[in-house]
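Notes follow once the structure below has been shown.
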Amino acid sequence: MRENHQLSLVENEVGTAVRPIRDDISLIFEQVLGHPVQITDKTDIVGDLGMDSLGVMNFVMAIEDFYDISIPLDRIAQVQTVGDLIRAVEHLRAGA
Amino acid sequence: MSILAKHAAYKTAYDALRAHGVDPLNVRFEHVLSPTEGILNGRRTILLGTHNYLGLTFDSACIEKAVEATRSQGTGTTGSRVANGSYDGHLRLEQALAEFYGRRDAMVFTTGYQANLGVLSSLVARGDHLMLDADSHASIYDGSRLGGSEVIRFRHNNPDDLYKRLRRLEGAPGDRLIVVEGIYSMMGDTAPLKEIAAVKRETGAYLLVDEAHSLGVLGQTGRGLAEALDVEADVDFIVGTFSKSLGSVGGFCVSNCADFDVMRIVCRPYMFTASLPPGVIASTLEALHTLRSKPALRASLMSNARRLYDGLGALGFTTGPEANPIVAVVMPSQEVAVACWKLLLDSGLYLNLALPPATPTNAPLLRTSVSAAHTARQIDAALGMFAEAGRALGILPAHRRRAGGAV
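Chains as they are written, first to last, in my numbering: chain A, 22 to 117; chain B, 13 to 419.
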């Protein structure tokens with residue numbers, strides 16, 4: 022349940038999601054990576070942030086918990102940049 | 013640049029590994045002498061990483077059946093069962109599997125990998141939802157892409173996370189299929205199948221269990237984890253392999269699902285590949301008979317597993333959570349893992365070096381698998397080599413006293 026522990030930190034800091042999705046994502050990155058990150062829509066999640074596949078999985082699961090969504094694997098495969106991720110989250114939340 | 017330049021990152025990592033003078037992905041045995049010994053670089057080597065759980069690869073009855081079938085029916089079927097027809101053996105093996113599991117239907121595939129590709133691609137389609145444990149085997153991930161369904165991954169062995177994800181799908185059309193494994197191949201841990209079965213019942217999903225590493229290993233009669241935990245009634249599909257406890261090659265699926273036979277005309281990994289040769293079918297049938305008639309093999313296997321698991325723990329190594337025939341030893345770094353693997357190999361012990369991303373965490377593993385055919389002396393010899401390598405590399409303290417007298 023270590024992921025949930027990280028999540029509760031994020032949720033306490035952010036509260037209900039009134040901020041732009043990018044700010045939430047930035048905080049979740051920080052929790053998963055353990056240090057602050059500067060991101061824009063063009064930030065490449067693997068290339069610029071140096072995440073390995075396990076890191077990406079933990080990060081995606083943290084995003085899923087935060088928004089109470091599941092991101093299907095084929096959608097994850099299409100996500101390369103932070104902008105892609107924001108669009109995927111927006112789309113899934115709109116469908117929920 | 014060659015067409016393979018796209019794999020440059022893998023090639024660089026592989027070259028770096030080989031620069032250490034090791035090639036763990038390309039070990040060449042001069043001879044394999046028995047289920048537990050081979051000759052490697054001229055040295056007699058204990059095989060502690062070949063998943064030969066019941067040690068049946070050299071079983072004389074299995075060999076005789078294979079030879080007899082090969083002499084009478086030939087070396088191969090030269091094609092698929094759809095094109096070339098089924099041999100009597102294919103049907104008898106399917107009947108034997110269905111009877112063993114107490115299910116109406118069984119289907120045999122040419123490999124265990126193809127069984128997962130075939131079953132997963134046929135059971136779910138576009139509009140359905142496939143729920144995979146995050147630590148699923150590559151064949152499950154690959155099969156999940158063939159069917160076109162939505163694929164959702166849940167946290168490893170976490171029924172609450174699975175439940176949460178199924179609840180998010182409430183109201184959405186389509187079937188839900190949960191896929192878990194009996195024993196996970198990297199850490200040797202079992203699935204919490206009772207809890208997963210409860211989630212399945214509550215959410216109306218189907219449940220598939222891959223018993224590749226648990227057939228012949230777990231359960232009163234060797235049917236696997238579902239039998240061991242008494243949840244077989246909740247499992248809709250069981251997939252397994254002949255290439256571990258049954259000592260040959262091939263895969264299967266058994267089920268009570270209505271209209272199961274339609275799989276034979278929609279399942280492409282079944283239809284468009286050559287069927288198993290008569291010799292393989294014959295030895296597998298005999299091995300299944302042996303698995304059922306000699307429960308003592310299972311007892312020896314688990315006793316060997318316990319001896320190795322407890323012994324490694326007593327030495328001070330970090331292992332997986334359960335004493336099963338797969339015992340994974342967690343290594344502190346890739347450098348130490350590679351060095352340890354090479355030291356063990358040079359001292360006469362073969363096992364698997366597993367590096368991320370194939371491992372469930374970022375830690376590299378030395379993965380061992382135990383056989384019923386190992387003697388206590390072989391297990392103790394392996395523990396001795398582990399102790400020496402561990403001390404030489406500083407993974408273990410230089411003069412650690414052994415806890416207890418198990419070793």
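Even glycine gets a Cβ: it sits at the ideal position worked out from N, Cα and C.
Below the 7 Å Cβ cutoff, chain A contributes S91, P93 as neighbours of B/I164, in chain order. The beta carbon of B/L144 lies closer than 8 Å to those of I152, Y153, S156, V163, I164, R165, F166, V191 in the same chain, with the five residues before and after it left out. In the structure shown, B/G50 falls within a strand segment according to DSSP collapsed to helix, strand and coil. Taken in chain order, the unbroken stretches of beta strand (DSSP E) that lie wholly in the stretch 33-91 of chain B and span 3 residues or more are 43-46, 49-52, 55-59. In terms of Cβ geometry, B/G252 and B/E223 form a close pair [threshold 8 Å]. For B/R157, the enclosing alpha helix (DSSP H) covers residues 150-159. For B/S134, the enclosing alpha helix (DSSP H) covers residues 124-135. At a Cβ-Cβ threshold of 8 Å, B/M275 and B/V94 do not count as neighbours. For B/F249, the enclosing beta strand (DSSP E) begins and ends at 249-253.
Taking 8 Å as the cut-off, the beta carbon of A/D65 is found no closer than this to the beta carbon of A/I107.
For the C-beta of A/M82, the chain B residues within less than 7 Å are, from N- to C-terminus, R167. Of all residues in the stretch 58-85 of chain A, the ones placed with a Cβ closer than 9 Å to any Cβ belonging to chain B are D73, S74, L75, G76, M78, V81, M82, E85, in chain order. When CB distances to chain A are screened at a threshold of 8 Å, the residues of the stretch 350-371 of chain B falling below it are P368, P369, in chain order. The C-beta of B/R180 comes closer than 8 Å to at least one C-beta of chain A. Within a 10 Å sphere around the beta-carbon of B/A110 sit 16 or more other beta-carbons, which makes this residue buried. It is roughly 8 Å from the alpha-carbon of B/R116 to the alpha-carbon of B/V266.
Taking C-beta atoms under 8 Å as the contact rule, B/S133 and B/E193 fail to qualify, at a distance of about 18 Å. With its beta carbon at least 8 Å from every one in chain A, B/T123 lies outside the interface. B/Y362 sits in a strand when the DSSP states are folded into three classes. DSSP places B/L189 in the uninterrupted beta strand (DSSP E) bounded by 188-193. About 6 Å separates the CB atoms of B/S255 and B/G124; that is less than 8 Å, so the two are in contact.
Neighbours of B/A146 in chain A, taken as residues whose beta carbon is under 9 Å from its own, are M78, M82 in chain order. Straight-line spacing of the CA atoms in A/I49 and B/G262 works out to 44 Å.
With at least 16 other beta carbons inside 10 angstroms of its own, B/Q390 counts as buried. In the three-state DSSP reduction, B/C265 falls in the strand class (E or B).
Using a 10 angstroms sphere on the CB of B/R83, the tally of other CB atoms stays under 16, which defines it as exposed. Chain-order list of chain A residues neighbouring B/R177: E85, S91, by C-beta distance under 9 Å. In its chain, beyond the 5 residues on either side, G360 have a beta carbon closer than 7 Å to the beta carbon of B/R55. Taking CB atoms only, B/N374 has a neighbour in chain A less than 8 Å away. Rounded to the nearest angstrom, the Cβ distance from B/A384 to B/G101 is 26 Å, too far for a contact under 8 Å. Under the three-pair Cβ rule at 8 Å, the stretch 38-51 of chain B does not count as touching the stretch 372-379 of chain B. Look at A/H112 here: in three-state DSSP terms it is helix.
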